[in-house]
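Keeping their order, the protein sequence lines are chains A and B.
The working numbering puts the first residue of the first sequence at 375, with every later residue one more than the last.
The working numbering puts the first residue of the second sequence at -19, with every later residue one more than the last.
Positions of the beta carbon are idealized from the N, C-alpha and C atoms, including for glycine.
Just so you know, these numbers come straight off a predicted model, no measurement behind them.
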Amino acid sequence: MCGIIGYAGFRNAQSVLIECLKRLEYRGYDSAGVGIIDKKLSVCKEVGEISNLEKNIPTMKGTMGIGHTRWATRGKVSKENAHPQVSGNKKIAIIHNGIIENFQSLKEELQQKGHKFSSQTDSEIIAHVIEEEYADTLENAVCSALKKIKGSYALAVISEQEPEKIIGARNESPLVIGVGDNENFLASDITALLNYTNRVIYLDDGEIVVMTKNSIRVIDGKKKKLTKKEKIVNWDVKDAEKSGFDHFMLKEIYDQPESIRQLLRGRISEIEEKINFPERVESILGTEYDSIHIVACGTSFYAGLVGKYLIEQLTKIPVFVELASEFRYFGIKKDTSLVVAVTQSGETADTLAALREAKSAGCKTIVITNVIGSTATRIADAYILTQSGPEIGVAATKTFTSQILTLFLLALKEASVRKTLGPDEIYHYILQLKKLPSQVRKILDNIDEITAIAKHLKDAQSVFFIGRGIYYPLSLEGALKLKEISYIHAEGFASGELKHGPFSLLTKDTPVIAIVASDETYDKMITSIGEVKAREPPVIAIADEKDSEIEKHADFVLHFPSNGLPLSGISIAVILQLLAYHVAKLRGCSIDKPRNLAKSVTVD
Amino acid sequence: MKCVILAAGEGKRMHPLTYTRPKVMLPIANKPFLEWNLLNAIDAGIKDFVFAVGYKSEMVRNYFGNGEKWNINIEYINQGKALGTAHAIGMVEKFVDDFIVLCGDTIFGKNDIKNIAQKENSMGLLEVENPDDYGIVEIKGKNVVKIYEKMDEPFSNVINAGIYHFNKKIFYYIKKTDKSPRGEYEITDSINLFVKEQTIRGIFLKEWQDAVYPWHLLDANEEILKKMKKDIQCDVEKNTTLKGTVIIGKNAKILSGSYIKGPVVIGDDCKIGPNCYVRPYTAIGNGCHIGNACEVKNSIIMNNSNVPHQNYVGDSIIGQNCNLGAGTKAANLRLDKKNIKVVLNGKKFDTKRRKLGTIAGDNVQIGINSMMDSGSIIGNDVKIGPGAMAKGEIKPKTRVL
């Protein structure tokens, strides 16, 4: 995720761009830059937050330009890799949010034509392709360049040859037009512009806008003019940071179709029927090791537990999931084991310590994290980014589903390397993965049942979550979400364990949430529910939408969209998050900042 | 010559009415503040306008458009961040040469606008009885020496009226202006810099109507209504009484037994009566209903609100889309006849009015036989249950049961 902004108008572009960028900082903040045309193009970039750019930027004249705040996904955090990226002739500048999939082949092609590249980003090639295509107008150059580019993008392009114009384009990354008087804007998000205008035109995928300070023309890829309606946004600036949601947590829950898509982008290849990871990860996955240790804390630990089931099932390699705070002191670190650390921030103190211990014991280490350049990425031999964008709510949501998916991809890759799965099976899983974003969207669009059940839970003293297989760690996560934001005591159990103790806590006032999968454990789960029902608590089942039997056994049922195992776990995680959120909201809790908790635990 | 009208302000002191509209769009005698200003400026001969807009600017733009309806030309400039009057005026630099500036929330007379427009580098002054809330202007002969922001003990009764005539030179001083203690760039500070090197003539105004707090709208409403002319554009049933200046819009129905004593303005598509009493200085917006056995006095009722059955509304302002339940009444006088005090934005004010009813925002729903105490401020989207008592300041979207 990155934030982009474009301005053409009468004000000093520099101050407008910087002010708007600050409002996009939630989309990324590892480096930032602006490109402004005042007859000539000048570009200024800095590593660090936008305030750092603001401090170091010289005063630039000019009333049109583009700005970018970066959350690195390809290429480390550096001044060269910050945007705007410029063309070889230094006349065209672009800013980009998204991922270019075919950048490697385009890059080689351009290098043969003599183009020299100064960054490691995939974005830089866009500027070069446009330069290569530039014959008559910037608009035509961008249109033909986009035909060559494959991937997701929100783009803004300026050229000193046509100093009045900004060209914007969108494909699977957000871009909106802010309509002003004697000025117009482009932005990743209307939030950035609310101080200047609340009139917005939403671009759709495949659309291109040609903008000057007093004209806006939207065209499609075939240069056909489109008629777009202007809408008024009635948020105030404070609402807007959360895109109109009440809390960051809810916004981040709703980000998931997008964050899942971002995660899969470039990683799964339908045509080649394979999974792609960064080279260093792939080189480790090929080596000899007889076990995998997943080390993590909190929600990441539960993602690791889900990962255990996935990896063991697909690869037959034994997996041990360890709490980082324990593993660092007591865990057995053998050099025949691969250690996979999972940490959203890449800064969790216990996880870092465990990584260091493992590394010095000679283990190969991989970290799964959301933050490029974080300490964990520097310690581990290789890292995989979840590409979820910043997560601000303390309760992890979109990063949890991204971690599970990353571990699933890792299992698939491992399985294909070890040949425990054939290409057909990999292909089958890839097809299922591609269905995920729309399935999650379906849940998010139909939350009435979830909010109704939240009302039943809000006055509970204690809530149980039960499940088998991967639904056991999901039960743990469901319980963690509920307790951390709603302050209701909640526990997750493997349903087979209930009769070994927890039953004594069960009363008719303890709601039980049972995750019921249509797999070989189905009958066992129904038996467990029966045992639970004997103590008369309300039972809420989370079950497959095709399961018509379950209504007979549970008091309430929430359905998740059918998908092959184990991917329905993602949909279930989203349901559990929404449930916890709505209970906490009904109880009036401080959802984004629960008491006593911090987002990134950087102390031991 | 262009006329710049400052219309960006949110008008927090006008809460709850400005939660849903910018201050310049507050209705006085059924037209927004800004329109009265515009009409007077048009009468003074001005044809080109620049509206500096900001807060809820789409409402201004939707209402005024490009000015075609008035046969004038309106350009809009969004102020961006609200950083003060000097900042707002600074924004128009690229769009004006010789220009006058009007504060959009004050109504100026057409002759005064003309006088200011004729004298380059001038500003409007006013002598008032109570200068506490205004900028005090020190003058020497006809020229301005210095403007002081609100003073605890004003040394003079001459205040800054909020109308100026500048040329391009002012932008040089605006750029040199520092932030004031309250954190804004004030045009008065720019003028103070200006008059050190150049001169600004002070011109005393004859007409002037501003409004700072909601209850001032009732005064402004009264002043404007006094000047209006009778105009009835709809059918009036038999057995109705219309006295004095009564203005009624299109498609309105005035039903039998209605007694309307002007000055009163009633908008389009209203249903008035049967058997109601509308008393002087009342403005009733479009699509309103004043029903049987209701009495409305010295009040502003905004569009699509109903005072339908056995209600009393006196010295009150009712926002848009409100409904009063049968029998609900607004008190407007204390038993001890003292000034009515209100709490607004958590602060207590003496309104200096002996009579003041309720000030209600938009979408307020009130059940039957409820009471609104004198000086209640009711936020938008508030619901008041049947038989409940509303008093003091009630926050938006709350319920009073």
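{"Check": "Three-way DSSP call (helix, strand, coil) for isoleucine -15 (chain B) in this model", "Outcome": "strand"}
{"Check": "Reference proline 692 (chain A), options A:Val814, A:Val607 and A:Ile666, closest by Cα", "Outcome": "A:Ile666"}
{"Check": "Exposed unless 16 or more other CB atoms sit within 10 angstroms - verdict on methionine 131 (chain B)", "Outcome": "exposed"}
{"Check": "Residues near phenylalanine 619 (chain A) in its chain [Cβ-Cβ closer than 6 Å; skip 5 each side]", "Outcome": "Lys625"}
{"Check": "Proximity winner among B:Gly305, B:Val293, B:Ala370 and B:Lys375, relative to leucine 336 (chain B) (alpha-carbon distances)", "Outcome": "B:Val293"}
{"Check": "Any chain A beta carbon closer than 9 Å to asparagine 58 (chain B)", "Outcome": "yes"}
{"Check": "Beta-carbon spacing of glutamate 557 (chain A), tyrosine 381 (chain A) below 9 Å", "Outcome": "yes"}
{"Check": "Three CB pairs or more closer than 8 Å across the segment 545 to 556 of chain A and the segment 576 to 595 of chain A", "Outcome": "yes"}
{"Check": "Below-9 Å beta-carbon distance, lysine 74 (chain B) vs any chain A residue", "Outcome": "yes"}
{"Check": "Interface residues of chain A facing glutamate 38 (chain B) [CB-CB closer than 7 Å]", "Outcome": "Asn572, Arg573 and Ile606"}
{"Check": "Closest Cα partner of serine 674 (chain A) within the set A:Gly852, A:Ser492 and A:Tyr955", "Outcome": "A:Gly852"}
{"Check": "Any C-beta of chain A under 9 Å from that of glutamate 164 (chain B)", "Outcome": "no"}
{"Check": "Counterpart residues of tryptophan 188 (chain B) in DSSP-defined beta bridges", "Outcome": "B:Phe88"}
{"Check": "Cα-Cα separation, phenylalanine 983 (chain A) to isoleucine 379 (chain A)", "Outcome": "Outside the shown range of chain A (375 to 978) lies residue 983 (chain A), about which nothing can therefore be said."}
{"Check": "Leucine 872 (chain A) in three-state terms, based on DSSP", "Outcome": "helix"}
{"Check": "Alanine 826 (chain A): first and last residue of the uninterrupted alpha helix (DSSP H) it sits in", "Outcome": "822 to 831"}
{"Check": "Close Cβ partners of leucine 985 (chain A) (< 7 Å) along its chain, the five nearest in sequence each way excluded", "Outcome": "Chain A is shown only over 375 to 978; residue 985 (chain A) falls outside these bounds and no answer can be derived."}
{"Check": "Validate contact between the segment 724 to 734 of chain A and the segment 749 to 758 of chain A using beta carbons, cut 8 Å, 3 pairs", "Outcome": "yes"}
{"Check": "8 Å Cβ cut-off: residues of chain A touching lysine -8 (chain B)", "Outcome": "None at all; the shortest Cβ gap to chain A is about 13 Å."}
{"Check": "Three-state secondary structure assigned by DSSP to lysine 757 (chain A)", "Outcome": "Sequence check: residue 757 (chain A) is tyrosine here, not lysine. It is a strand residue."}
{"Check": "Buried or exposed by the 16-neighbour rule on C-beta atoms within 10 Å, applied to serine 657 (chain A)", "Outcome": "exposed"}
{"Check": "Proximity test, aspartate 755 (chain A) beta-carbon vs the ligand ZN heavy atom, cut-off 8 Å", "Outcome": "This structure lacks the ligand ZN, and indeed carries no ligand of any kind."}
{"Check": "The segment 100 to 113 of chain B / the segment 27 to 34 of chain B touching (three or more Cβ pairs under 8 Å)", "Outcome": "no"}
{"Check": "Three-state secondary structure (DSSP) of leucine 697 (chain A)", "Outcome": "strand"}
{"Check": "Neighbour list for glutamate 48 (chain B) in chain A, Cβ cutoff strictly below 7 Å", "Outcome": "Residues of chain A passing the Cβ test: none, with the nearest at roughly 16 Å."}
{"Check": "Threonine 717 (chain A) in three-state terms, based on DSSP", "Outcome": "strand"}
{"Check": "Under the three-state DSSP convention, the category histidine 289 (chain B) falls into", "Outcome": "coil"}
{"Check": "Isoleucine 297 (chain B) - DSSP class collapsed to helix/strand/coil", "Outcome": "strand"}
{"Check": "Residues bridged to aspartate 112 (chain B) [DSSP beta-bridge criterion]", "Outcome": "Aspartate 112 (chain B) pairs with nothing; no bridge assigned."}
{"Check": "Interface flag, alanine 233 (chain B) vs chain A, CB-CB below 9 Å", "Outcome": "Here the sequence assigns lysine to residue 233 (chain B), which means alanine is not the residue at that position. Not closer than 9 Å to any Cβ of chain A, the Cβ of lysine 233 (chain B) fails to qualify, so no."}
{"Check": "Near-chain B residues of the segment 552 to 570 of chain A - C-beta to any C-beta below 9 Å", "Outcome": "Gly554, Asp555, Asn556, Glu557, Asn569 and Tyr570"}
{"Check": "Assigned secondary structure, alanine 888 (chain A) (DSSP; H/G/I helix, E/B strand, else coil)", "Outcome": "strand"}
{"Check": "Listed by chain order, chain A residues near glutamate 203 (chain B) by CB distance under 8 Å", "Outcome": "Correct list: empty, because the minimum Cβ distance to chain A is about 32 Å."}
{"Check": "Interface residues of chain A facing glycine 328 (chain B) [CB-CB closer than 7 Å]", "Outcome": "The question names glycine, but residue 328 (chain B) in the sequence shown is lysine. The premise fails here: lysine 328 (chain B) is roughly 26 Å from chain A at the closest Cβ pair, so nothing lies under 7 Å."}
{"Check": "Rounded C-alpha distance that separates valine 931 (chain A) from lysine 787 (chain A)", "Outcome": "35 Å"}
{"Check": "Interface flag, glutamate 55 (chain B) vs chain A, CB-CB below 9 Å", "Outcome": "yes"}
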